[in-house]
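What follows is a set of notes on a single structure, which appears directly below.
Numbering (our numbering), first residue to last: 19 to 604.
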């Protein structure tokens with residue numbers, strides 16, 4: 019009777035521990051639900067004219083994350099063998115978590131620092147949940163077969179994400195941009211990261227499967243879905259990550275997978291066919307996007323309008339660009355305009371609309387309003403708008419949220435003249451890097467970037483896109499961590515990841531040498547190859563996330579999978595190097 023009870027308890031534990039990971043890998047990527055979020059006081063101060071926000075993706079996903087992590091605690095309690103040692107490198111996560119907590123406590127935006135900004139929810143609570151996912155992944159799963167089951171579930175969910183993506187790509191569901199999908203992930207950039215992370219896993223499962231029927235199914239569905247999501251995302255960050263990791267994966271696995279070279283070649287051919295069909299359907303748009311990543315390609319934006327300087331002086335404003343100079347004056351007798359030689363610039367006036375006729379000003383349109391106490395004019399040039407107002411005889415500029423402000427110098431670092439690099443990331447990074455000097459030990463608070471970024475950087479934002487745009491994230495995972503919880507926290511986390519990468523690479527390369535020198539055939543060797551392929555697939559998926567993180571932030575739809583894979587990778591590493599009882603050493 020006791021044996022039956024013990025067996026039933028074991029079965030319950032085996033089944034239950036998969037539940038939170040199904041939430042992480044299936045429900046979170048697929049979840050979409052409309053919540054009307056009423057902004058808290060901090061957010062209302064940031065978004066003056068907004069009281070609520072319709073959230074379709076982030077909030078439902080973060081609630082599922084909290085539920086999954088809570089469910090992991092009973093799973094640990096049900097686990098009988100709790101004698102697994104913690105690798106020394108994981109202790110670096112202790113100061114990492116302490117930095118997160120301190121950054122929240124001392125943040126000037128505590129609500130946001132705890133729970134995150136709307137549409138992101140990457141606050142301190144979410145960051146701590148990620149750490150729990152790593153620990154629980156490490157402790158709950160130690161066998162390769164157990165991990166493969168979860169990887170299958172993860173990739174099966176990607177098929178459903180792909181179905182929604184196909185509806186967008188074909189126009190059945192109208193996309194935000196033609197031939198660019200966001201699917202259930204919510205953002206095309208994160209779809210790219212999602213696809214890049216899953217691609218090595220799909221290749222690993224194809225190469226390790228022994229059943230011919232399953233191997234074909236995995237190639238068509240798992241690999242096909244990951245490749246479609248990556249390609250259709252039009253995310254250069256995802257393309258960059260795949261460009262690094264997929265070739266690296268095959269190089270790393272040469273010794274173990276050289277007997278599977280035909281399978282690898284078939285996957286490459288399949289990917290080329292899928293890309294060719296998608297590119298043809300999009301009218302060559304995909305190939306153009308890939309070509310745009312070429313650093314030696316001639317920049318098509320070299321002739322674009324660039325604002326070099328804006329000066330406000332009493333009742334006048336001077337605007338200098340790479341194409342023209344204009345001085346705007348209003349001394350009580352209406353707005354007048356002069357060039358650099360103080361010659362008046364002619365224009366036609368139709369009601370409150372001004373059309374400039376002299377070269378090089380013919381592309382400028384003005385809209386003025388002098389009927390109220392505040393004299394206002396907006397100049398539109400090169401798709402950019404700049405609003406000037408005369409208040410108490412002083413010329414001011416209208417910044418974000420419609421705030422009337424002066425031109426304030428903003429500290430920057432690097433990317434001068436290259437602000438448009440990586441779709442404007444050069445501008446964001448140039449303004450974000452100087453903020454690091456006050457975020458050495460603790461940061462400004464997780465996910466509080468929108469509050470500390472110089473939102474009234476008039477000159478910079480004109481060149482970036484528009485003055486009214488609110489920069490809510492750094493578009494760089496490493497800056498996101500450093501500014502959120504401090505540079506020390508970033509160093510601690512990177513130490514864990516660097517240790518994992520170095521140890522795993524060393525073991526795989528050492529194993530490749532042994533197999534090369536002692537070529538054998540048998541079940542044990544085949545099982546060893548299988549474990550090495552899975553370990554390498556997880557390693558390359560981690561690499562893909564790290565590479566995409568150079569251009570993308572952490573996001574709730576994809577990040578839990580990364581932290582889970584990191585936990586699995588460390589668990590496999592311990593099996594290979596620290597567990598003498600492991601029946602499948604690398």
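Virtual Cβ for every residue (Gly too), placed ideally from N, Cα, C.
Name the residue from 191, 347, 304 whose alpha carbon lies nearest to the alpha carbon of residue 360.
On the chain shown, position 342 is the one that residue 360 refers to. Per the Cα distances, 347.
Chain-order list of residues whose beta-carbon lies under 7 Å from that of residue 41 (same chain, five-residue window excluded):
As a first step, residue 41 is located in the chain shown; it is residue number 23 there, counting from the start. Excluding positions up to five away in sequence, the list reads 82, 85, 86.
Rounded to the nearest angstrom, how far is the Cβ of residue 89 from that of residue 150, given a contact under 8 Å?
By one-based count along the chain shown, residue 89 stands at place 71. By one-based count along the chain shown, residue 150 stands at place 132. The pair is not a contact, with the Cβ atoms about 11 Å apart (cut-off 8 Å).
Of the choices 569, 476, 444, whose alpha-carbon is the least far from that of residue 206?
Here residue 206 is taken as the residue at index 188 of the chain shown, counted from 1. For residue 206, the nearest C-alpha among the options comes from 569.
Is the separation between the beta-carbon of residue 221 and that of residue 209 shorter than 8 Å?
On the chain shown, residue 221 is found 203 positions in, with the first residue counted as 1. On the chain shown, residue 209 is found 191 positions in, with the first residue counted as 1. No, Cβ-Cβ distance for residue 221 and residue 209 is not below 8 Å.
Considering only C-alpha positions, which residue in the set 461, 286, 400, 584 is nearest to residue 380?
In the chain shown, the residue the question calls residue 380 occupies position 362. Here the closest residue by C-alpha is 400.
C-beta contact flag for residue 218 and residue 267 at 8 Å
Within the chain shown, the letter at position 200 stands for residue 218. Within the chain shown, the letter at position 249 stands for residue 267. In contact: residue 218 and residue 267 (Cβ atoms closer than 8 Å).
Completely contained beta strand (DSSP E) runs for the segment 55–125, where each covers 3 or more residues
70–73
What's the gap between the Cα of residue 535 and the Cα of residue 528?
Reading the chain shown from its first residue, position 517 is the one you call residue 535. Reading the chain shown from its first residue, position 510 is the one you call residue 528. In this prediction, residue 535 has a pLDDT of 49, which is less than 50 and means its spatial position is unreliable; nothing more can be read from the coordinates.
When we look at the beta-carbon of residue 299 and count the other beta-carbons within 10 Å, is it buried (16 or more) or exposed?
Start at 1 with the first residue of the chain shown, and residue 299 comes out as number 281. It counts as exposed.
Check whether the Cβ atoms of residue 344 and residue 355 sit closer than 8 Å, and answer yes or no.
Within the chain shown, the letter at position 326 stands for residue 344. Within the chain shown, the letter at position 337 stands for residue 355. Contact: yes.
Shortest alpha-carbon distance to residue 329 belongs to which of 415, 369, 410?
Numbered from 1 along the chain shown, position 311 holds the residue referred to as residue 329. Measuring from the Cα of residue 329, the nearest candidate turns out to be 415.
Which value, in whole angstroms, describes the spacing of the CA atoms of residue 155 and residue 587?
In the chain shown, residue 155 corresponds to position 137, counting from 1. In the chain shown, residue 587 corresponds to position 569, counting from 1. About 9 Å.
Assign residue 140 to one of two classes, buried (16 or more other C-beta atoms within 10 Å of its C-beta) or exposed (fewer than that).
Position 122 of the chain shown, counting from 1, holds the residue named residue 140. The residue in question, residue 140, is buried, as its Cβ has 16 or more Cβ neighbours within 10 Å.
Drop a sphere of 10 angstroms on the beta-carbon of residue 505, count the other beta-carbons inside from all chains shown, and report buried for 16 or more, exposed for fewer.
Position 487 of the chain shown, counted from the first residue, corresponds to residue 505. Result: buried.
Coarse secondary structure for residue 386, derived from DSSP in three states
As a first step, residue 386 must be located in the chain shown, where it is residue number 368. Here residue 386 sits in strand by DSSP.
Does the beta-carbon of residue 498 have 16 or more other beta-carbons within 10 angstroms, so that it is buried, or is it exposed?
Indexing the chain shown from 1 puts residue 498 at position 480. Result: buried.
Taking the alpha carbon of residue 564 as the point to measure from, which residue in 45, 214, 133, 392 has its own alpha carbon closest?
Here residue 564 refers to the residue found at position 546 of the chain shown. Considering only alpha carbons, the answer is 214.
Is it the case that the Cβ atoms of residue 430 and residue 464 are separated by a distance below 8 Å?
If you number the chain shown from 1, residue 430 lands on position 412. If you number the chain shown from 1, residue 464 lands on position 446. Contact flag unset, no.
Where DSSP assigns a beta bridge to residue 334, which residues make up the other side?
By one-based count along the chain shown, residue 334 stands at place 316. Looking at the DSSP assignment, residue 334 forms a beta bridge with 331, 347.
Please work out which residues of its chain come closer than 6 Å, Cβ to Cβ, to residue 537, disregarding the five sequence neighbours upstream and downstream, and give them in chain order.
Your numbering for residue 537 matches position 519 in the chain shown. Only weak support exists for where residue 537 lies, its pLDDT of 49 falling under 50; the value from the coordinates is given anyway. Answer for residue 537: no residue qualifies.
Entirely within the segment 424–476 and at least 4 residues each: give me those alpha helix (DSSP H) ranges in chain order.
439–450, 467–470
Three-state class that DSSP yields for residue 569 in the structure shown:
As a first step, residue 569 must be located in the chain shown, where it is residue number 551. Reduced to three states, the DSSP call for residue 569 is coil.
Between the segment 158–175 and the segment 107–124, are three or more C-beta pairs nearer than 8 Å?
no
Assuming residue 180 and residue 576 form a contact by the criterion Cβ under 8 Å, report the distance between their Cβ atoms to the nearest whole angstrom.
Looking up residue 180 in the chain shown gives position 162. Looking up residue 576 in the chain shown gives position 558. Not really, about 15 Å apart at Cβ, beyond 8 Å.
Give the range of the alpha helix (DSSP H) segment to which residue 399 is assigned.
Mapped onto the chain shown, residue 399 falls at position 381. Element bounds for residue 399: not the alpha helix (DSSP H) but the beta strand (DSSP E), 393–399.
Classify residue 322 as helix, strand or coil using the three-state DSSP reduction.
As a first step, residue 322 must be located in the chain shown, where it is residue number 304. Three-state result, residue 322: coil.
If you check the beta carbons only, do residue 39 and residue 168 fall under 8 Å apart?
Residue 39 sits at position 21 when you count from the first residue of the chain shown. Residue 168 sits at position 150 when you count from the first residue of the chain shown. For residue 39 and residue 168, yes; Cβs fall inside 8 Å.
Boundaries (first-last residue) of the beta strand (DSSP E) holding residue 236:
Position 218 of the chain shown, counted from the start, is the residue given in the question as residue 236. Looking at the DSSP string, residue 236 is not in any beta strand (DSSP E), and its letter there is neither H nor E.
Span separating the alpha-carbon of residue 439 from that of residue 474
The residue given as residue 439 occupies position 421 in the chain shown. The residue given as residue 474 occupies position 456 in the chain shown. When rounded, the distance between both Cα atoms is 21 Å.
Cβ contact check for the segment 127–136 and the segment 102–111: 3 or more pairs under 8 Å:
no
Run the proximity test for residue 479: is its beta-carbon closer than 7 Å to any non-hydrogen atom belonging to the ligand SAH?
No copy of the ligand SAH appears in this structure; indeed no ligand is present at all.
Exposed or buried, which one is residue 295 when buried takes at least 16 other CB atoms within 10 Å?
Numbered from its first residue, the chain shown carries residue 295 at position 277. So residue 295 counts as exposed.
Cα-Cα, which of 272, 470, 500 is closest to residue 550?
Here the question's residue 550 lines up with position 532 in the chain shown. Checking every option, the nearest Cα to that of residue 550 belongs to 272.
Could you work out which residue in 547, 493, 580, 364 is closest to residue 382 when comparing CA atoms only?
Mapped onto the chain shown, residue 382 falls at position 364. That would be 364, whose Cα lies nearest to the Cα of residue 382.
Classify residue 50: buried if its beta carbon has 16 or more other beta carbons within 10 angstroms, exposed otherwise.
Within the chain shown, numbered from 1, the residue matching residue 50 stands at position 32. That one is exposed.
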